[in-house]
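A quick write-up on the structure given underneath.
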Ligand SMILES: [Mn+2]
């Protein structure tokens, strides 16, 4: 049967049930089923599959991006080995967390072997993601990484750092993710942006939006580092209460970003009604429309989205598909804006 974009999608193993291959798609989607270091509530490892299952119900025509999908969105297969490695690492991480909660020291002989094995597994993941994404970037194909917890894109951002001399990150998240390590895990979901700043010198600016839960060390690190600019959720809402519009705030948010922008989208940056089962939900946050409008303005300003990730979506074990449905919608917006930004770029 020929592909008909007006019909309901027929599941085919590709996001949004689209009929593209590596050779005829502008954009590639890489599922990373991994939540080894999620501290509070696991589940993000199941997001790539749950979002895939929820994605065919989306109408391909998009009121912001029209028929952007026709440029091609291709889905890479989910790796069985990575899923298995992540599951084993998670079991060891749970042992570490349980021991730490009983008062054990990170460096004690009981904790250390488990901790070392989790850190080693995370390094393996980082190398794998790097190896998957670099060749695609080299042939000019941007990648959307579908996590997984927020530790998953580090290898990808490192690969971007080799292909692009200079780019900025627009980071939407309830958390700053600037911890030097968390619970002893060097590559924790709570450390992703610290690791990016430390390991990827091509990142010239990190703009964080929606942050509303961070420790003092992170606040001081952000304050003292000229690369980092935070638009925390309390200040954003203070502006709303004083009749400053979201359009004005978007301009302020986007002004310091360079021409090339990577988007790191933690679903918990949105209000928890969009992601009730995410690992560490926090009250407050952006609405779906605010986030969408911010991305639209980014593209409108002529910036190029060189890649993106969507992390920390966690499907509901009770059978509700809401988290995955919102995840699929956010993923589709990210894909659409990324494609549009490349078309805009070509026009210039
Ligand atoms: Mn995060």
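Numbering (my numbering), first residue to last: -4 to 343. Ideal placement from N, C-alpha and C gives every residue a C-beta, glycine not left out. Please read all numbers here as calculations on a predicted model, not as lab measurements.
In the three-state DSSP reduction, residue 208 falls in the strand class (E or B). Residue 248 has its CB no nearer than 8 Å to any heavy atom of ligand 1. For residue 167, the beta-bridge partners assigned by DSSP are 204, 260.
Here the distance from the Cβ of residue 152 to the nearest heavy atom of ligand 1 is not below 8 Å.
Rounded to the nearest whole angstrom, the C-alpha separation of residue 172 and residue 112 is 22 Å. For residue 24, no alpha helix (DSSP H) encloses it; the enclosing beta strand (DSSP E) starts and ends at 22 to 27.
About 15 Å separates the beta carbon of residue 331 from that of residue 23, a gap too long to meet the 8 Å contact definition. Given a length threshold of 3 residues, each whole run of the beta strand (DSSP E) inside the segment 83 to 162 is given here in chain order: 138 to 142. Ligand 1 approaches residue 185 closely enough that one of its heavy atoms is under 8 Å from the residue's Cβ. Taking a contact as a CB-CB distance under 8 Å, the pair residue 256 and residue 137 does not count as one, their CB atoms being some 11 Å apart. DSSP places residue 265 in no alpha helix (DSSP H); its state is neither H nor E. Its Cα nearest to that of residue 134, the residue 18 stands out among 294, 210, 327, 18.
With a cutoff of 9 Å on beta-carbon distance, residue 142 and residue 42 are scored as near each other. Residue 191 carries a helical assignment under DSSP once its states are collapsed to helix, strand and coil. In the DSSP assignment, residue 302 is bridged to 257. In this structure, residue 307 has its beta carbon less than 8 Å from a heavy atom of ligand 1.
Minimum Cα-Cα distance from residue 295 among the listed residues 308, 261, 245 corresponds to 245. If you look at residue 180, you'll find it isn't in any alpha helix (DSSP H); DSSP assigns it neither H nor E. Residue environment analysis places residue 32 among the buried positions, since at least 16 neighbouring C-beta atoms fall within 10 angstroms of its C-beta. One alpha carbon belongs to residue 55, the other to residue 0, and they sit about 6 Å apart. When beta bridges are read from the DSSP output, residue 33 appears opposite no residue.
Here residue 242 carries a helix assignment [DSSP, helix/strand/coil].
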